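S.K.:
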Amino acid sequence: MDLDLPASPETPPPDSDRSVAVVGGGAVGATAARDLARWDVDVTLFERDAVGAGATGRAAGIVYDAFAEDLDAAVADRALDRFRELSGTAEFELTDRPYVWFAREGDDRNAEAIREQVPRMRANGRDVDLLAPGEIADRWPTLCADDISVAAVAESSGTTTPSTYAAATAELAEADGATIETGTAARIETDPVAVRVGAERRQFDAVLVAAGARTPGLLADPGIELASEAYRVQALTVGVEAEDDEQRDRAAALPSFYDATGGYYARPKDGELLAGDGTEPVPADPDDWDRESDAWFRDDVLEKLSGRVDGVESTASDAWAGLCTATPDRNPLVGQVESGLFVATGFHGHGFMRAPAIGELVARQLCGADGIAAFDPARFDGRDEFEIVEGMALDEH
Numbered sequence: 423m424d425l426d427l428p429a430s431p432e433t434p435p436p437d438s439d440r441s442v443a444v445v446g447g448g449a450v451g452a453t454a455a456r457d458l459a460r461w462d463v464d465v466t467l468f469e470r471d472a473v474g475a476g477a478t479g480r481a482a483g484i485v486y487d488a489f490a491e492d493l494d495a496a497v498a499d500r501a502l503d504r505f506r507e508l509s510g511t512a513e514f515e516l517t518d519r520p521y522v523w524f525a526r527e528g529d530d531r532n533a534e535a536i537r538e539q540v541p542r543m544r545a546n547g548r549d550v551d552l553l554a555p556g557e558i559a560d561r562w563p564t565l566c567a568d569d570i571s572v573a574a575v576a577e578s579s580g581t582t583t584p585s586t587y588a589a590a591t592a593e594l595a596e597a598d599g600a601t602i603e604t605g606t607a608a609r610i611e612t613d614p615v616a617v618r619v620g621a622e623r624r625q626f627d628a629v630l631v632a633a634g635a636r637t638p639g640l641l642a643d644p645g646i647e648l649a650s651e652a653y654r655v656q657a658l659t660v661g662v663e664a665e666d667d668e669q670r671d672r673a674a675a676l677p678s679f680y681d682a683t684g685g686y687y688a689r690p691k692d693g694e695l696l697a698g699d700g701t702e703p704v705p706a707d708p709d710d711w712d713r714e715s716d717a718w719f720r721d722d723v724l725e726k727l728s729g730r731v732d733g734v735e736s737t738a739s740d741a742w743a744g745l746c747t748a749t750p751d752r753n754p755l756v757g758q759v760e761s762g763l764f765v766a767t768g769f770h771g772h773g774f775m776r777a778p779a780i781g782e783l784v785a786r787q788l789c790g791a792d793g794i795a796a797f798d799p800a801r802f803d804g805r806d807e808f809e810i811v812e813g814m815a816l817d818e819h
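In the numbering used here, the protein residues as written are 423 to 819.
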């Protein structure tokens with residue numbers, strides 16, 4: 423599917439003569455602010471903590487374009503292009519790293535899903551192939567493939583530290599004229615649309631709320647309901663033993679991977695493995711949730727990793743929880759909810775990897791361009807009740 427975006431993000435939208443507030447300094451909000459600033463829009467970014475300190479700072483940093491649905495593939499393709507363009511700016515670096523996903527023996531449902539996905543991904547122009555277990559062993563000797571029945575690899579993938587993307591993007595936005603206000607809690611008002619900071623009401627032509635799990639709460643004050651729920655996920659880091667440089671190099675060269683049967687992902691990070699999921703498919707309160715990891719999660723993931731990657735240590739070096747956001751149909755909410763008021767949320771754990779494209783898309787909508795019907799928040803009537811599902815499931819690829 424064509425996103426109907428210009429070839430270059432630098433190409434301005436129809437109407438850049440306006441003032442815009444962006445509430446939320448994560449990857450999506452920072453991207454939107456950066457694009458608006460370079461189009462000469464008068465833009466102010468409000469972040470209650472530090473840029474990249476929220477969900478972006480707790481994200482895994484895996485980026486790939488391995489999607490079978492054409493719209494998802496197009497969004498991921500644009501995002502990857504922009505990640506690569508920015509790599510090397512400030513502290514942000516994107517490391518090229520294949521992404522492998524697999525099903526174990528006896529897991530016929532996920533095995534069939536992988537076999538069905540790969541031709542569709544290739545039809546969308548994705549550099550994806552099925553892998554035999556022997557090929558996995560040849561490419562990555564420290565990744566155990568003895569029990570894998572079906573696997574696939576997306577070559578056009580990478581890893582990074584998400585907070586560095588948000589910081590580098592915000593720096594570019596500021597250099598192009600954006601005002602960045604950190605440590606600033608903002609509230610939303612309407613009729614007309616405005617941002618309230620303390621006792622001060624600051625009016626704008628348009629306001630974008632890209633505050634992750636806090637987005638529905640910020641819109642609740644002016645009486646706007648969103649079909650989005652927050653849910654808790656978990657991650658950890660663990661060391662990998664290496665007796666010499668060759669073993670360290672092999673560990674560093676591992677792909678990112680997703681074990682569909684085991685329900686967890688992992689990627690190399692600074693000589694360790696970052697692994698996680700730990701999805702709790704129940705609504706979480708964005709203002710009152712446990713940021714610490716659970717013992718059951720640490721024990722479960724460490725046990726699975728110990729049989730998958732050679733040399734994994736028995737104790738996590740760090741572990742934490744984060745919040746993701748879900749919607750009834752698993753597509754995000756990106757676009758206008760009321761005159762002059764826009765949102766970008768509901769990413770099912772895929773927010774960071776799509777942020778460069780989603781941020782640009784919604785920034786253009788703020789300036790008169792068309793959005794994407796499948797992402798239109800108006801497709802739902804208020805906060806519909808729905809079942810929360812994990813974002814890493816194979817039917818999300």
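Every residue gets a Cβ at the ideal spot worked out from N, C-alpha and C, and that includes glycine. Quantities reported herein were computed from a predicted structural model and do not represent experimental measurements.
1) Taking Cβ to Cβ, would you say V444 is nearer than 8 Å to A429?
2) Would you mind sorting S585 into buried or exposed? The rule is 16 or more other CB atoms within 10 Å of its CB.
3) Nearest to A717 by alpha carbon, out of D492, S728, G700?
4) Would you call the segment 460 to 468 and the segment 587 to 605 touching, i.e. three or more CB-CB distances under 8 Å?
5) Whose C-beta lies closer than 7 Å to the C-beta of E593 among residues of the same chain, with five residues either side of it excluded?
6) The alpha helix (DSSP H) with E557 in it runs from where to where?
7) Under 8 Å, do E520 and A481 count as touching if we go by C-beta distance?
8) When you compare each of V660, A743, V522, F769 to R561 by their alpha carbons, which one comes out closest?
9) Do three or more CB pairs link the segment 671 to 680 to the segment 768 to 786 at distances below 8 Å?
10) According to DSSP, D551 sits in a beta bridge with which residue or residues?
11) Taking the continuous beta strand (DSSP E) assigned at A657, which residues delimit it?
12) Rounded to whole angstroms, what's the CA-CA distance from D471 to L553? Just pull it up for me.
13) Hey, out of F769, T581, R801, whose CA is closest to D692's CA?
14) When the distance is taken between beta carbons, is I570 closer than 8 Å to F514?
15) Go ahead and pull the three-state DSSP assignment for I570.
16) Excluding five sequence neighbours on each side, which residues of the same chain lie with their C-beta closer than 6 Å to the C-beta of A589?
17) With distances taken Cα to Cα, identify the nearest neighbour of T583 among A635, E603, D643, D518.
M.R.: Inspection of the coordinates gives the following:
1) no
2) buried
3) G700
4) yes
5) A512
6) 555 to 561
7) The sequence given here places Pro at residue 520; Glu does not occur at that position. Not in contact: P520 and A481 (Cβ atoms no closer than 8 Å).
8) V522
9) no
10) V575
11) 651 to 662
12) 44 Å
13) T581
14) no
15) strand
16) V473, G474
17) D518
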